[in-house]
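Those protein sequence lines, which keep their order, are chains A and B.
Using the numbering used here, the first residue of the first sequence is number 409, and each one after it goes up by one.
Using the numbering used here, the first residue of the second sequence is number 2, and each one after it goes up by one.
Notes follow once the structure below has been shown.
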Amino acid sequence: MSETRNGKNLAIVLVVGEDQTGIVAQVSDFLWKENINIEDINQKIMQGVFVMTMLVDISRARSDLGVLGPKLEKLGEKIGLSIQIQHHRIFEVMHRV
Amino acid sequence: MTTTISLDEVYETYRMTEKEHFDIRAVTLGINLLPCAADDFAVLCRRVEKKLLSTARQFVKRAEKIQSYYGIPIINKRITITPAAVVLSGALTGDASRDRERCVDFARLLDRCAAEVGVDFLGGFGGFCEKGMTYAEQTLMESLPAALGQTAKVCGFFSLASTKAGINMRAVAKIGSIILELARASEDAIGAAKFVVFANPVSDNPFMAGGFHGLQEADNVINVGISGPGVVRRAVAGAPRDLPVDDLAEIIKKTAFKITRAGELIGRELARSLGVRFGSLDVSLAPTTAVGDSVGRILEAMGLERVGTHGSTAALALLTDAVKKGGMMASSHIGGLSGAFIPVSEDVGLAEAVRAGTLTMDKLEAMTTVCSVGLDMIAIPGDTKTTTIAAIIADELAIGVMNNKTTAVRLIPVPGKQAGDHVSWGGLLGDACIMPLHGENSDYFIWRKGQLPAPTTSFRN
């Protein structure tokens, strides 16, 4: 399960909820502490909901996705947002022929 | 390029899993038990126990790990085995009552092993008698009420018909009374929910209760059952009301494609981590009792006031076909049943339509000609005649035989209940309104027994 590309192991962090100040700061702070590098950030309002995705490299992360997922969920609960992390591969297979 | 996934696509995937119940419904580990065969029953049991425990020990843990890694829930973990009648045949003595006990003991052993490795169900307690019944098959069939009534996780099946052989009407007549006995042997007839009768069964079905590990399969195989009625319903409901049906089919195909892709990724990862072969993907819209996760509701979203009304068969045909096409485009390993299931009690929309009187037994039978399985999870009155049960089964098997497709029957005659009464099983099995049946009997037709001949379409050689 440790598929890497150019030494990178990509995952996507998804943040959904009501827009508020400090979202990027808090999520980035968490990722930095977990030794996860942010490759790209995207955000917009969809159907009235704030949606942000971060493409991250978890190849040097302190823990694997199974551990990171619940941790991010907890952080989300704290700041009143839904935060998920999923492996990049899942999006690739679903959305590309 | 690895960075081209758009925000919309990520959000769509999030919606699918979080809001629309997209999940991997079942990962099923098929295990070949033929190497365990022995003429000494105790030796056979020891070998089977050892084989099941050693093969499946890591199964549940690995599946859970992959689930959390990819963030897509895997709802059920199951085992299928080589049909028990084949495995047991050498270890029977010829003393019928003693052999029936052996069958029950064997079911208990399977139940214990399933509990020990932590799977939800173990399927394959059954056999094939499309044309004739061996002693082992007959004995195992007679043991079903005790075997399934006294175990929690063991699921049974019997194949009584095929396009090549026709219908074994002697076995059909017999199974009518076995099902009634099975229903009476457990609380609220729940034992009958663990038993399926087939025409043209498939050997790689990951879904229960009809899953078994067919003789044409490799030693150990991972098969994956993918679901997602909720995802399809939303896609259909989101389409304009006047969208032509061919465009609607296109939308369903695309959705099926996406969920199949995710399922294959997970199935392959699991097979790799267990060191076994990846078998096939069954892309079936399998409803659950969760609101919105209903095949009935998809048909209603297409423009029917209530499922069961005129147009339901055509709508279901469109759905089943589009799901198959989307799945087949996504993966070269589509197998199992693949299409849409219509298990009445497990599907909120279907259950409601039965209560309202819109969805009847006859309409359901018509709908099974175009869905992937058959008359599934239908509660019927507890005092239904065994010949009537057999006749319902014969009808459904005839559809499978004449149309070269799999059909199945899972009927639950609930003791003490009449048509229109309510029964609640809870959990995945849901609630049901007892389905009214025709009062006129089919006795003399069923008592004829014999072999209903194979159709001309079967002679292609």
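Even glycine gets a Cβ: it sits at the ideal position worked out from N, Cα and C.
Secondary structure at residue 340 of chain B: strand, using DSSP grouped into helix, strand and coil.
For the stretch 318–330 of chain B, the set of positions with a beta-carbon nearer than 7 Å to some beta-carbon of chain A is empty. With fewer than 16 other beta carbons inside 10 angstroms of its own, residue 40 of chain B counts as exposed. Following the DSSP letters along the chain, one finds residue 170 of chain B inside the alpha helix (DSSP H) bounded by residues 170–185. Among the residues facing chain B, residue 499 of chain A is included, as its CB has a counterpart in that chain under 8 Å away.
Closer than 8 Å to the CB of residue 461 of chain A there is at least one CB belonging to chain B. Bounds of the beta strand (DSSP E) holding residue 409 of chain B are 408–415. Along the length of the stretch 227–313 of chain B, whole beta strand (DSSP E) runs at least 3 residues long occupy 278–286, reported in chain order. DSSP, read as helix, strand or coil, puts residue 447 of chain B in helix. Collapsing the DSSP output to three states places residue 434 of chain B in a strand. Secondary structure remark: continuous beta strand (DSSP E) runs of at least 3 residues inside the stretch 52–91 of chain B, in chain order: 75–82.
Cβ contact annotation for residue 276 of chain B (same chain, cutoff 7 Å, sequence separation greater than five): none. For the stretch 423–464 of chain A, the full-length alpha helix (DSSP H) segments reaching 4 residues or more read 431–441 along the chain. Between residue 37 of chain B and residue 30 of chain B, the C-beta gap is not smaller than 8 Å, which leaves the two residues out of contact. Judged by their CB atoms, residue 342 of chain B and residue 287 of chain B are nearer to each other than the 8 Å cut-off. Close CB contacts of residue 127 of chain B within its chain, under the 6 Å cut and outside five residues either way in sequence, are with 84, 157, 158, 159 (chain order). Counting only Cβ-Cβ distances below 8 Å, residue 420 of chain A has contacts in chain B at 6, 11, in chain order. Along the stretch 336–410 of chain B, the alpha helix (DSSP H) occurs as fully enclosed runs of 4 or more residues at 349–357, 362–369, 387–403, listed in sequence order.
For residue 6 of chain B, there is no enclosing beta strand (DSSP E), as DSSP marks it with neither H nor E. Listed along chain B are 8, each with a C-beta nearer than 8 Å to that of residue 452 of chain A. Here the alpha carbon of residue 320 of chain B sits roughly 7 Å from the alpha carbon of residue 253 of chain B. When B/241, B/125, B/105, B/177 are compared, the shortest CA-CA separation from residue 42 of chain B is found for B/105. If you look at residue 140 of chain B, you'll find it in the alpha helix (DSSP H) that goes 136–150.
Put simply, of B/61, B/303, B/232 the residue whose alpha carbon is nearest the alpha carbon of residue 255 of chain B is B/232.
Closest option to residue 178 of chain B, judged by alpha-carbon separation, among B/398, B/417, B/384: B/384. Annotation: the continuous alpha helix (DSSP H) that includes residue 497 of chain A extends over 496–503.
Residue 470 of chain A carries a coil assignment under DSSP once its states are collapsed to helix, strand and coil. Close partners of residue 266 of chain B in chain A (Cβ separation under 7 Å): 497, 498, 501. Looking at the DSSP output, residue 167 of chain B shares a beta bridge with B/163. Your pair residue 279 of chain B and residue 335 of chain B does not check out as a contact, with CB atoms roughly 13 Å apart and the cut at 8 Å. In the three-state reduction of the DSSP assignment, residue 20 of chain B falls in the coil class, being assigned neither a helical nor a strand state. In this structure, DSSP gives residue 208 of chain B a state outside helix and strand, which the three-state scheme calls coil. Chain A places no beta carbon closer than 8 Å to that of residue 256 of chain B, leaving this residue out of the contacts.
For residue 73 of chain B, the residues of chain A that pass the 9 Å Cβ criterion are 494, 498, in the order they occur in the chain. Residue burial annotation: residue 453 of chain A is exposed, with fewer than 16 other C-beta atoms found within 10 angstroms of its C-beta.
Excluding sequence positions up to five before and after residue 442 of chain B, its CB lies within less than 8 Å of the CB of 386, 388, 389, all in the same chain and listed in chain order.
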